[in-house]
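Residue numbers (the UniProt record's numbering), protein chains in the order written: chain A, 1 to 159; chain B, 1 to 159.
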């Protein structure tokens, strides 16, 4: 394992301690907060959430759907951080994530963009130093490289 | 993190090096081999695979469905091993796994039984020492405890 990958994994894992998952109310709120952030700052992305295309942050707050979706999203990012030191498993998880999103017909450029949005969300929870921001950018690049190859191999639109 | 959890994680991760995931033929075969093993030794479990209730090991070998399903299964177990040292993430992944299996109406006793089946499969790939077998049993116990609580909280049959 290259030393840089281990350091990226360590920095991402440490920053994810500010976005914990779980069944307690404060953990559920961490998940809702991601979608409140995304729907407020990137309202165009709501188009991918059928039935929630006009949702405000307040609608997200009151939504059982987004309580669950918030936990799913945070869990997925935790899994990325936890597996990053094992690139073979990380990349398999990337491919599985792509497979599961096939039905949503997402613009392929959104996979890289996600990491910018997520890093901005994390900054609402904790101060991120430059090394940690760089680590998330690096993880996003590795994720996206595998995602685009897999989209291509799957005969789907890719960048 | 308790030292024992770290040791369980380490032993499980090391043994998973004998069941690698990926896109190369040998990695795809690792996944097929799990279902060939399970369908041969526990044919009653085929009932949960609609359309494959009568599949032989040879049918699995030739099946694109089980090539994909094999990778999904191995990836899930790799994620369990990779997250075990972070029990909060591990347990969230357990709950998400339960949620995704709701539609299959599985007997709740199968969650614990899975780890016995999987350990037997791993033994077809590599020699497992007693400490490693104990580690898988411990991971299975922690998985199952969280699974049964979550099934109960979800209003579903549990043990």
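Every residue, glycine too, gets a C-beta built ideally from N, C-alpha and C. Since the structure is predicted, the reported quantities are computational estimates derived from the model, not experimental observations.
For the putative contact between residue 122 of chain A and residue 92 of chain B, defined by C-beta atoms under 8 Å, what is the C-beta separation to the nearest angstrom? No, residue 122 of chain A and residue 92 of chain B are not in contact; Cβ-Cβ is about 17 Å, not under 8 Å.
CA-CA distance, residue 59 of chain B and residue 39 of chain B? So the alpha carbons of these two residues sit roughly 10 Å apart.
Closer than 7 Å by beta-carbon distance: list the chain A residues that pair up with residue 20 of chain B, in chain order. Simply 88.
Per DSSP, what kind of secondary structure is residue 55 of chain A in: helix, strand or coil? Coil.
Check whether the Cβ atoms of residue 20 of chain B and residue 88 of chain A lie closer than 8 Å to each other. A distance below 8 Å separates the beta carbons of residue 20 of chain B and residue 88 of chain A.
Would you say residue 137 of chain B and residue 11 of chain B are within 8 Å of each other, going by their C-beta atoms? No, these two residues do not count as a Cβ contact at 8 Å.
If you compare alpha carbons, which of B/131, B/42, B/24 and B/157 is closest to residue 98 of chain B? Residue B/157 is the option with its Cα nearest to residue 98 of chain B.
Are the C-beta of residue 71 of chain B and some C-beta of chain A separated by less than 8 Å? At least one CB of chain A lies nearer than 8 Å to the CB of residue 71 of chain B.
Only counting runs of 3 or more residues, tell me where the beta strand (DSSP E) segments fall wholly within the UniProt domain "Globin" (12-152) of chain B, in order along the chain. The qualifying runs do not exist here; there are none.
Can the beta-carbon of residue 119 of chain A be found closer than 8 Å to that of residue 133 of chain A? Yes, the Cβ-Cβ distance between residue 119 of chain A and residue 133 of chain A is below 8 Å.
Return helix, strand or coil for residue 156 of chain A, following the three-state DSSP convention. Three-state DSSP puts residue 156 of chain A in coil, outside helix and strand.
If you check the beta carbons only, do residue 84 of chain A and residue 8 of chain A fall under 8 Å apart? A contact, by the Cβ cut-off of 8 Å.
Should residue 83 of chain A be flagged as near chain B, meaning a C-beta pair shorter than 8 Å? Residue 83 of chain A counts as touching chain B.
Quick one: Cα of residue 113 of chain A to Cα of residue 153 of chain B, how far? Take the alpha-carbon of residue 113 of chain A and the one of residue 153 of chain B: they are about 36 Å apart.
Is the separation between the beta-carbon of residue 72 of chain B and that of residue 96 of chain A shorter than 8 Å? In contact: residue 72 of chain B and residue 96 of chain A (Cβ atoms closer than 8 Å).
According to the Cβ coordinates, are residue 166 of chain B and residue 35 of chain B closer than 8 Å? Residue 166 of chain B falls outside the range modelled here, since chain B spans only 1 to 159, and no answer is possible.
CA-CA distance, residue 126 of chain B and residue 155 of chain B? For residue 126 of chain B and residue 155 of chain B, the distance between alpha carbons rounds to 39 Å.
Would you verify that the beta carbon of residue 67 of chain B is, or is not, closer than 8 Å to some beta carbon of chain A? No, no contact with chain A.
Within chain B, the residues that residue 121 of chain A reaches when beta carbons sit closer than 7 Å: Those do not exist, as residue 121 of chain A stays about 18 Å from chain B at its closest Cβ, beyond 7 Å.
Examine the ligand MN and report whether any of its heavy atoms sits within less than 7 Å of the Cβ of residue 127 of chain B. Only the bare structure without any ligand can be found here, which leaves the ligand MN out of the picture.
Could you name the residues of chain A that residue 93 of chain B contacts, counting a contact when the two beta carbons are closer than 7 Å? The answer, in chain order, is 75 and 79.
Within a Cβ cutoff of 7 Å, which residues of the same chain sit near residue 144 of chain A, ignoring the five residues on either side of it in sequence? Correct list, in chain order: 111 and 112.
Other residues of its chain near residue 151 of chain A: CB distance less than 8 Å, five sequence neighbours each side excluded: Around residue 151 of chain A: 98, 108, 157 and 158.
Along chain B, which residues have their Cβ under 7 Å away from the Cβ of residue 96 of chain A? Ordered by position in chain B, the residues that pass the 7 Å Cβ test against residue 96 of chain A are 72 and 75.
Whole-angstrom distance between residue 6 of chain A and residue 79 of chain A, CA atom to CA atom: Each residue's alpha carbon lies about 15 Å from the other.
Of the listed residues B/66, B/62, B/41 and B/37, nearest to residue 50 of chain B (C-alpha basis): Among B/66, B/62, B/41 and B/37, the Cα nearest to that of residue 50 of chain B belongs to B/66.
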